[in-house]
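Engineer:
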Amino acid sequence: MALRGVWQLKKLVVSYSDWGGSSRGIRSFMESYLPAFKEKNPQLEVVTEHIRGQHPHLKGLYNNQNERVVCVKNMDPEEILQCATRLRNSLGRKVVKLRTRHVTKHPSVQGTWTTDIKF
């Protein structure tokens, strides 16, 4: 996804094994979908990495020095394309869990409203 006109994903690393059965889907993805994905995304550096004896994964490296790794073991090529597209469209920010359901910049000075008020 672009933030202020700049794509945040700068490098996509495709790791696979030429021998493992769990890499069957990513090998067919590299033959059929990866060249078209590279052409559609010229701003993105796509690197293939050969790792033997490990499950395949996609690793996205972002401009803010964060990285996301998605395991694509035993997935179809269409599902792997969807994972690569999601990595491209994300901003690369860390997921922050909200402490409350209500988030505001200016919390109430009086406190939160409840029905247990006694006069």
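For what it's worth, the working numbering labels the leading residue of the sequence shown as 281, then goes sequentially.
For every residue, glycine included, the Cβ atom is placed at its ideal position computed from N, Cα and C.
Considering Ser-312, what are the terminal residues of the alpha helix (DSSP H) in which it resides?
Structural biologist: Looking up residue 312 in the sequence shown gives position 32. Run containing Ser-312: 304-312, per the alpha helix (DSSP H) assignment.
Engineer: Do Arg-373 and Asn-321 have their C-beta atoms closer together than 8 Å?
Structural biologist: The count along the sequence shown starts at 1 and reaches residue 373 at position 93. The count along the sequence shown starts at 1 and reaches residue 321 at position 41. In this structure, Asn-321 does not lie closer than 8 Å to Arg-373 by Cβ.
Engineer: Taking the alpha-carbon of Gly-285 as reference, which of Cys-351, Gln-323, Ser-302 has the nearest alpha-carbon?
Structural biologist: For the purposes of this step, residue 285 is taken as the residue at position 5 of the sequence shown. Measuring from the Cα of Gly-285, the nearest candidate turns out to be Gln-323.
Engineer: Under 8 Å, with one C-beta from each stretch per pair, do the region 292-303 and the region 327-344 reach the 3-pair mark?
Structural biologist: Because the criterion of three Cβ pairs below 8 Å is met, the region 292-303 and the region 327-344 touch.
Engineer: Where Pro-387 and Pro-315 are concerned, what is the direct C-alpha to C-alpha distance, given to the nearest angstrom?
Structural biologist: Position 107 of the sequence shown, counted from the start, is the residue given in the question as residue 387. Position 35 of the sequence shown, counted from the start, is the residue given in the question as residue 315. Those two C-alpha atoms are separated by around 51 Å.
Engineer: Using three-state DSSP, classify Leu-361 as helix, strand or coil.
Structural biologist: Reading the sequence shown from its first residue, position 81 is the one you call residue 361. In the structure shown, Leu-361 sits in a helix (DSSP, three-state: H, G or I).
Engineer: Can you name the residues that DSSP bridges to Glu-319?
Structural biologist: What you label residue 319 is simply residue 39 of the sequence shown in a count that begins at 1. For Glu-319, which the question treats as bridged, DSSP gives no partner whatsoever.
Engineer: Along the chain, which unbroken stretches of the beta strand (DSSP E) at least 3 residues long are found entirely within the region 335-382?
Structural biologist: The region 335-382 contains these whole beta strand (DSSP E) runs: 337-342, 347-351.
Engineer: Comparing C-alpha positions only, which one of Gln-345, Ser-370, Gly-333 sits nearest to Lys-353?
Structural biologist: Here residue 353 corresponds to residue number 73 of the sequence shown, with the count starting at 1. Ranking the options by Cα distance to Lys-353, first place goes to Gly-333.
Engineer: Span of the beta strand (DSSP E) holding Thr-328?
Structural biologist: For the purposes of this step, residue 328 is taken as residue 48 along the sequence shown, with counting starting at 1. First-last of the beta strand (DSSP E) with Thr-328: 325-330.
Engineer: For Lys-291, which residues of its own chain have a beta-carbon under 7 Å away from its beta-carbon, when the five flanking residues on both sides are left out?
Structural biologist: The count along the sequence shown starts at 1 and reaches residue 291 at position 11. The answer, listed in chain order, is Glu-325, Val-327, Leu-341.
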